[in-house]
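Step one of this worksheet: look at the structure below.
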Amino acid sequence: MENKETEMKSNTSLQTSTSGAARGFWARHLAASLVAMAAILFAPAALAQSEQRPAVDRGEATYSEEEIVREAGDFFGDVSKGLADAVHSIFKRYGEPNAYIKGEEAGGAFVVGLRYGQGELVMKNGTRQRVYWQGPSAGWDFGGNAVKNFTLVYNLPNGEAIYQRFPGVEGSAFLIGGIAINYQQRDDIVLAPMRAGVGLRLGASVGYLKYTKSREWLPF
100 MENKETEMKS
110 NTSLQTSTSG
120 AARGFWARHL
130 AASLVAMAAI
140 LFAPAALAQS
150 EQRPAVDRGE
160 ATYSEEEIVR
170 EAGDFFGDVS
180 KGLADAVHSI
190 FKRYGEPNAY
200 IKGEEAGGAF
210 VVGLRYGQGE
220 LVMKNGTRQR
230 VYWQGPSAGW
240 DFGGNAVKNF
250 TLVYNLPNGE
260 AIYQRFPGVE
270 GSAFLIGGIA
280 INYQQRDDIV
290 LAPMRAGVGL
300 RLGASVGYLK
310 YTKSREWLPF
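In the working numbering, the protein residues as written are 100 to 319.
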């Protein structure tokens, strides 16, 4: 009788232990399933937040107005009110550039004119490379000039993209301080040359400038 009672108690303990182990097994599996489900549900949201975060901070990718005034002032030899006003007018229209070109050019025009220049492209990301430009202009752009040229460049994806033709208004009218501005554009890339120097260009004649890796004497 005693042996039967002992055996029954042993079986009851075994069943209780087995039942507890089973409950633990299913509890662990349920917890693991909930964790996996949460990972699946929340992963797209985390990925979307990651994709929406900008890869490059705008402040690091473009030049501020103060930086351009300083760079252009060093290049032209003076930070005048005319220069500051010229830079401000471009920033007001196009915002912050991600590159600029500093160089020199010479040209002249009487109905049909020519312009040649050379300089250095400087991008905010550190890219620096040589660039030449040449082009015709047509219209009543009377006179001649030999000038320094500081060009603001917008939406330039890389240095190679500068080497193409940019149509625009080739004539110019001097602003306060002897700074003349005109605009050129090809697709999304916008150039805003600022010129200062000896000579005078009158009127606004439509033409283009062709930017190249080496000097070319034929502007067409």
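By construction, the Cβ of each residue, glycine as well, lies at the ideal position given by its N, Cα and C atoms.
In this structure, the CA atom of Q263 is about 16 Å from the CA atom of P292.
Here DSSP, grouped into helix, strand and coil, assigns G181 to helix. Cβ-Cβ separation between N248 and E203: approximately 7 Å, consistent with a contact (criterion under 8 Å). Sequence-distant Cβ neighbours of K309 in its own chain, meaning closer than 7 Å and more than five residues away, are W232, Q233, G234, R264, P318.
The beta carbons of G296 and N281 sit no closer together than 8 Å. Under DSSP, Y307 forms a beta bridge with P266. Residues Y162, L251, V252, Y253 of the same chain have their beta carbon placed closer than 6 Å to that of P196, with the five preceding and five following residues left out of the count. In the three-state DSSP reduction, R314 falls in the coil class, being neither helix nor strand. The closest CA to that of I200, considering only L213, H187, D173, L290, is found on L290.
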